[in-house]
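Letter by letter, the sequence shown follows residues 6 to 156 of the numbering used here. The C-beta atom is built at its ideal place from N, Cα and C for all residues, glycine as well. Remember, predicted model here, so these are calculated numbers, not experimental data. Structure first, then comments.
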Amino acid sequence: MKKTKHQILTLERYLPYRLSILSNRISANIAETYSDKFGLSVTEWRIMAVVGEYPNVSADEVSVKTQIEKSMLSRAITKLLHRSLLEREFGPKDKRRSMLRLTATGLSVYDEVVPISYDYERELLKCFSDAEKDQFSELIDRLYQQAESIS
């Protein structure tokens, strides 16, 4: 019997795996804070972050900006609406198109979470010099563009 030589994938060195694991680790760290202090999931916070930055944004635009799968996005938006953190206004001509914005309560939560998010980011990036932070940001942008071009 002839042995077939297989190429081995060293998962711990495989970039997509490493990025996924890193993302999961970072999300798990910050998710604990969002959940404990504000009762928010990471997905819910990401939605609030987009709506906070872009008031009167559609759910489709939130989906594009966050890359959150549409059914998961819809469930999270529904939770945020029920908690009165978001409000939705339907378009006068097209009732299928709605605009999302933070309520006063949502804005209050947003104003508390933003500094915590920035503090976490600062703590996470402490291991880099300012030049390395700039370079890292640029490399992430380039990698994202490359991933877009081959998808």
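Legend entry - Strand pairing of residue 104, partner residues [DSSP]: As a working note, residue 104 is residue 99 in the sequence shown. Partner(s): 94.
Legend entry - the stretch 47-54 / the stretch 72-79 touching (three or more Cβ pairs under 8 Å): yes
Inset, instruction - With a cut-off of 8 Å on the beta carbons, I'd call residue 64 and residue 82 a contact; round off their distance for me. - result: Position 59 of the sequence shown, counted from the start, is the residue given in the question as residue 64. Position 77 of the sequence shown, counted from the start, is the residue given in the question as residue 82. Yes, they are in contact, since the Cβ atoms of residue 64 and residue 82 sit about 6 Å apart, within 8 Å.
Inset, instruction - Starting from the Cα of residue 53, find the closest Cα among 102, 42 and 119 and give me that residue. - result: Numbered from 1 along the sequence shown, position 48 holds the residue referred to as residue 53. Considering only alpha carbons, the answer is 119.
Inset, instruction - Tell whether a beta-carbon distance below 9 Å holds between residue 67 and residue 56. - result: For this step, residue 67 is matched to residue 62 along the sequence shown. For this step, residue 56 is matched to residue 51 along the sequence shown. Yes, the Cβ-Cβ distance between residue 67 and residue 56 is below 9 Å.
Inset, instruction - Give a yes or no on whether the C-beta atoms belonging to residue 90 and residue 107 are separated by under 9 Å. - result: Residue mapping note: residue 90 aligns to position 85 of the sequence shown, counting from 1. Residue mapping note: residue 107 aligns to position 102 of the sequence shown, counting from 1. Their beta carbons are under 9 Å apart, which means residue 90 touches residue 107 by this criterion.
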